[in-house]
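Engineer: The listed protein sequences derive, respectively, from chains A and B. First residue of the first sequence? That's 1 in full-length UniProt numbering, and the numbers climb one at a time after it. First residue of the second sequence? That's 1 in full-length UniProt numbering, and the numbers climb one at a time after it. Backbone N, C-alpha and C define an ideal beta-carbon position, used for all residues, glycine too.
2 protein chains.
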Amino acid sequence: MRIGDLAGRTGASVRALRYYEEQGLLAADRSPSGQRQYPESAVERVRLVRQLYAAGLSSRTIAELLPCVVDGRATPALLDRLAAERDRIDTQVAELLGTRARLDSVITGATGNLRTGRPCGPRGSAAS
Amino acid sequence: MRIGDLAGRTGASVRALRYYEEQGLLAADRSPSGQRQYPESAVERVRLVRQLYAAGLSSRTIAELLPCVVDGRATPALLDRLAAERDRIDTQVAELLGTRARLDSVITGATGNLRTGRPCGPRGSAAS
DNA sequence: CTTGCCTCTGACGTCGGCGTCAGGTCCTAG
DNA sequence: CTAGGACCTGACGCCGACGTCAGAGGCAAG
């Protein structure tokens with residue numbers, strides 16, 4: 001598979017795929033003329049990489065953890081890193097849920113205000 | 001309260017607080033000599049702003065939504081924006097939970113491998 | 001009055017994940 | 001053979017949320 005095809009099938013840009021390779025996240029064979037050749041498995045690999053990016057991991061961190069995630073090859077140190085990232089994600093989810101709840105209560109409250117036409121306090125409606 | 005105190009009480013840097021003001025997220029009175037003076041409520045305001053940053057909102061978006069979140073002053077357009085951000089957060093939480101589950105299964109599987117000393121496939125242990 | 005920390009404005013630096021442009025090569029269809 | 005797309009390697013640009021430095025004032029203590 002050539003780079004344009006892989007881009008089309010993953011949603012990543014051609015530039016991004018070259019960048020992933022540069023960061024050691026995605027290997028590519030080369031045709032005699034130097035063009036990159038990807039196996040089918042590259043599609044899944046790219047999706048994994050993008051998922052990890054979306055979870056807030058840096059290129060460097062992803063590069064460190066990929067062998068472990070892909071091959072199951074782990075050292076105690078890598079397992080610690082993995083667990084640390086997992087815990088970070090937990091924390092982030094908790095914060096996001098808090099923020100979500102806050103936004104939602106604002107939406108609910110403000111929607112009610114629009115209907116009733118009266119102002120309100122920041123925490124729903126507890127003023128005298 | 002002066003800017004250094006506010007920084008100390010919120011965990012934000014002095015530079016960040018000036019930046020928030022520049023972006024219209026945090027108002028400050030000025031002493032005759034030009035120094036910023038913050039009321040107690042600024043502490044809560046800064047925490048709110050940082051919470052929204054942490055949820056992935058940009059300065060511009062926060063500036064648009066703050067009047068609504070703080071005062072309950074909403075227009076239909078602002079409510080749409082709020083709901084859109086809430087939905088984006090929902091999506092992001094779902095992705096994070098998926099990633100978390102993946103990392104966790106890797107951790108579980110790899111920890112077992114370390115104990116048993118045998119390799120494994122990427123999805124737990126389904127190979128022959 | 002002076003010392004030393006806090007604060008001010010303005011402006012450039014940084015970092016990561018790419019976008020984009022330049023200049024050249026490759027390959028497939030007609 | 002030729003044209004036009006896809007591909008290559010640099011290398012600079014970008015953007016947002018600050019960090020950091022420079023140079024100049026404020027302010028409470030001794």
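1. May I ask you to list, following chain order, the residues of the stretch 79-98 of chain A that have a beta carbon less than 8 Å from some beta carbon of chain B?
2. Please state if the CB of A:Arg36 and the CB of A:Arg2 are separated by a distance shorter than 8 Å.
3. Taking 8 Å as the cut-off, decide whether the C-beta atoms of B:Ala55 and A:Thr91 are in contact.
4. Tell me the rounded alpha-carbon separation between B:Leu57 and A:Leu78.
5. Between A:Ala7 and the rest of its own chain, which residues show a CB-CB distance below 7 Å, the 5 nearest in sequence each way excluded?
6. From the DSSP secondary-structure annotation, give me the bridge partner or partners of B:Leu36.
7. Mapping DSSP to helix, strand and coil, what is B:Arg18?
8. Which of helix, strand or coil does DSSP assign to residue 132 of chain B?
9. Out of A:Leu103, A:Arg60 and A:Gly112, which has the shortest C-alpha to C-alpha gap to A:Glu22?
10. Does the beta carbon of B:Ala55 come closer than 8 Å to any beta carbon on chain A?
11. Secondary structure at A:Gln23, three-state DSSP: helix, strand or coil?
12. Any beta carbon of chain B sitting closer than 8 Å to that of A:Ala74?
13. Cβ closer than 8 Å: which chain B residues qualify as neighbours of A:Asp104?
14. Indicate whether B:Leu66 and B:Leu82 have their beta-carbon atoms separated by less than 8 Å.
15. Output the boundary residues of the alpha helix (DSSP H) element that contains A:Gly4.
16. Where do the N-terminal and C-terminal ends of the alpha helix (DSSP H) with residue 133 of chain B fall, by residue?
17. In this structure, how does DSSP classify B:Ala55 when only helix, strand and coil are distinguished?
Structural biologist: From the atom records:
1. Answer in chain order: Leu79, Leu82, Ala83, Glu85, Arg86, Ile89, Asp90, Gln92, Val93, Glu95, Leu96, Leu97 and Gly98.
2. The count along the first sequence starts at 1 and reaches residue 2 of chain A at position 2. The count along the first sequence starts at 1 and reaches residue 36 of chain A at position 36. It is a contact, given that the beta carbons lie within the stated cut-off.
3. As a working note, residue 55 of chain B is residue 55 in the second sequence. As a working note, residue 91 of chain A is residue 91 in the first sequence. For the pair B:Ala55 and A:Thr91, the CB atoms are not nearer than the 8 Å cut-off.
4. To locate residue 57 of chain B, count along the second sequence from 1; it is residue 57. To locate residue 78 of chain A, count along the first sequence from 1; it is residue 78. Their Cα atoms are separated by approximately 32 Å.
5. For this step, residue 7 of chain A is matched to residue 7 along the first sequence. Excluding residues within five positions, the ones whose Cβ falls inside 7 Å are Ser13, Val14 and Leu17.
6. Here residue 36 of chain B is taken as the residue at index 36 of the second sequence, counted from 1. In the sequence as presented, Leu is not what sits at residue 36 of chain B; that position holds Arg. As a beta-bridge residue in DSSP terms, B:Arg36 pairs with B:Arg30.
7. Start at 1 with the first residue of the second sequence, and residue 18 of chain B comes out as number 18. If DSSP states are grouped into helix, strand and coil, B:Arg18 belongs with the helices.
8. This structure cannot settle anything about residue 132 of chain B, because the visible part of chain B is limited to 1 through 128.
9. Here the question's residue 22 of chain A lines up with position 22 in the first sequence. Between A:Glu22 and the set A:Leu103, A:Arg60 and A:Gly112, the nearest pair of CA atoms involves A:Arg60.
10. Taking the first residue of the second sequence as position 1, residue 55 of chain B is located at position 55. By this cut-off, B:Ala55 is an interface position.
11. Counting from 1 along the first sequence, the entry for residue 23 of chain A is found at position 23. The three-state reading of DSSP puts A:Gln23 in coil, since its state is none of H, G, I, E or B.
12. Here the question's residue 74 of chain A lines up with position 74 in the first sequence. Closer than 8 Å: yes.
13. Within the first sequence, the letter at position 104 stands for residue 104 of chain A. For A:Asp104, the chain B residues whose C-beta falls within less than 8 Å of its own C-beta are Arg86, listed in chain order.
14. Sequence index remark: in the second sequence, residue 66 of chain B carries index 66 (1-based). Sequence index remark: in the second sequence, residue 82 of chain B carries index 82 (1-based). Not a contact, by the Cβ cut-off of 8 Å.
15. Sequence index remark: in the first sequence, residue 4 of chain A carries index 4 (1-based). Run containing A:Gly4: Ile3 to Thr10, per the alpha helix (DSSP H) assignment.
16. Past the edges of chain B, shown from 1 to 128, lies residue 133 of chain B, and the structure says nothing about it.
17. One-based indexing of the second sequence puts residue 55 of chain B at position 55. DSSP, reduced to helix, strand and coil, places B:Ala55 outside both helices and strands of the structure shown, so it counts as coil.
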